[in-house]
Amino acid sequence: MPHDPRTIAVASGKGGVGKTWFAITLAHALTRLGRRVLLFDGDLGLANIDVQLGLMPAHDIGGVLEGRVSLADAVMRHPGGGFDILAGRSGSGALAALDPASLETVLAMPRNGAAGYDDVLLDLGAGVERPVRRMAAAADLLLVLATEEPTSLTDAYAVLKLHRADRPLGDSRIVVNFAPTQAAGERTYVALRRACSTFLRFEPGLAGVVRREDKVRDAVRRQTLLLTRHPGCTAAEDVEEVASRLVA
Ligand SMILES: Nc1ncnc2c1ncn2[C@@H]1O[C@H](COP(=O)(O)OP(=O)(O)O)[C@@H](O)[C@H]1O
Ligand SMILES: [Mg+2]
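For the sequence shown, position 183 matches number 212 in the numbering used here, and the numbering has no gaps at all.
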C-alpha cells in the first residue's frame, strides 16, 4: 500500500552553515537505512544540490511546474547514493517569484503516496523570506541547523520563532553543525533551547550534533558523498546517528 511520505525541511536562516551538505548526507544515510528518499532542492534563489553532487540532471523543478515533464520523469537517481533528486533551477529567478499556489503545487507532488517515497527532504534557502517560511511550515518536521557562531544562533532562533508563529504545534528540532566536540555542540543546543524556552515558551528537541570534520570539505570538493568517500569519519557517524534517530 502506498503511504504518504514524511517531509523534512532543512533550514538555518544563515547561509553557509552546511544545509545543502547536511541534506544530501542525511538523504544518503536514510537511504542506507532502507528508506526511499527524495531530495528536493527547495533553495529557490541559489539551487545547488546538483552542483554539490556533480550531477547534470536533464530536468528540474521548473519543467515540472511548467507541465513539460512529470515529477517521476524529472527526478534523477543519484548513481551511487540510491536516492532521488529533484533539481532546482539556479539563478533564473523564476522560482523565487513563484506565486503561492504554484508553490503549494510543487510541495504537494512528492507528498502524494503514489510517488513511493518514505522521506522527502527539502533543502531550503537561506533567509526567512515568505517562500522559505511556507516550505518550512508545509513540512512535517523542520530541522534547523545552527553553529556556535552568534550570527548563526540568532538566525536559527529567528527561523524557530517564525515557524512557531506559522505552525504553533509544528515539530521543529535543532541540528548543531560544525561542532568542535559533541559536548560543545550540546552546549550550543542548550543555549538555543534556553532562548526558545524563555522568549517563545517552547523547547525544540535536539536532532543531533554534527562535528566539524575536514573530510567534509574534501568530499564536497570532489563532488562525492561523504558516507561513500570517508565512511566512519566523525561527521559521517554523526549524520548517521541523526538518521537512525529519525527512523527509530
Ligand atoms: N560538519 C562540517 N565540517 C566541515 N565542513 C563542513 C561541515 N558542514 C559543512 N561544511 C562545509 O561548509 C560548506 C558550506 O556548506 P553548504 O551545505 O553549502 O551550506 P549552506 O547550504 O547552508 O549554504 C560546504 O561546502 C562544506 O565544505
Ligand atoms: Mg545551500
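Where is the CB? At the ideal position from N, CA and C, for every residue including glycine.
The structure presented is a predicted model; accordingly, all values stated were derived computationally and were not measured.
Shorter than 6 angstroms, the distance from the beta carbon of E178 to the closest heavy atom of ligand 3, or not? By its list of ligands, the structure shown excludes ligand 3, since it contains just ligand 1 and ligand 2.
In the DSSP output, which residue or residues are listed as bridge partners for F69? L115 and L151
Report yes if the C-beta distance between G38 and L132 is below 7 angstroms; otherwise report no. For clarity, residue 38 is Ala in the given sequence; the question names Gly instead. No.
I need the DSSP call for S99, collapsed to helix, strand or coil. coil
Simplified DSSP state of S181, which is helix, strand or coil: helix
Within the structure, which residues are defined as neighbours of ligand 2 by a Cβ-heavy atom distance below 5 angstroms, reported in chain order? K48 and T49
Three or more beta-carbon pairs under 8 angstroms between the stretch 33 to 53 and the stretch 67 to 78, yes or no? yes
Spatially closest choice to L235 from D148, Q211, R258 and F112, by CA coordinates: Q211
Within 10 Å of its beta-carbon, does M164 have 16 or more other beta-carbons around it, so buried, or fewer, so exposed? buried
Which residue from R222, L82 and A52 puts its Cα closest to that of R293? Outside the modelled stretch of the chain, which goes from 30 to 277, sits residue 293, for which no answer is possible.
G261 Cβ short of 6 angstroms to ligand 1 heavy atom set: no
Please state whether DSSP places D200 in a helix, a strand or coil. strand
When every heavy atom of ligand 1 is checked, does at least one fall within less than 6 angstroms of the C-beta of F69? no
When you compare the CB positions of D113 and L67, do they come within less than 7 angstroms of one another, or not? yes
Is it true that the CB of A272 sits closer than 7 angstroms to the CB of A58? yes
Relative to the C-alpha of T257, which candidate in L174, R241 and H107 has its C-alpha closest? H107
Excluding the 5 residues flanking E177 on each side, which residues of the same chain have their C-beta closer than 6 angstroms to its C-beta? T217
For ligand 1, is there any heavy atom lying closer than 6 angstroms to the beta carbon of R241? yes
By the three-class DSSP mapping on this structure, what secondary structure does R222 have? helix
Kindly indicate which three-state DSSP category R258 falls into: helix, strand or coil? helix
Select from D267, A277 and H32 the residue whose C-alpha is nearest the C-alpha of V149. H32
Alpha helix (DSSP H) segment containing L275, residue limits: T263 to V276
Smallest Cα separation from A166: which of K43, A155, V188 and L254? V188
I'd like the span of the alpha helix (DSSP H) that includes G91, first residue to last. I90 to L94
Three-state secondary structure (DSSP) of G44: coil
Does L255 pass the burial test, meaning 16 or more other C-beta atoms within 10 Å, or should it be called exposed? buried
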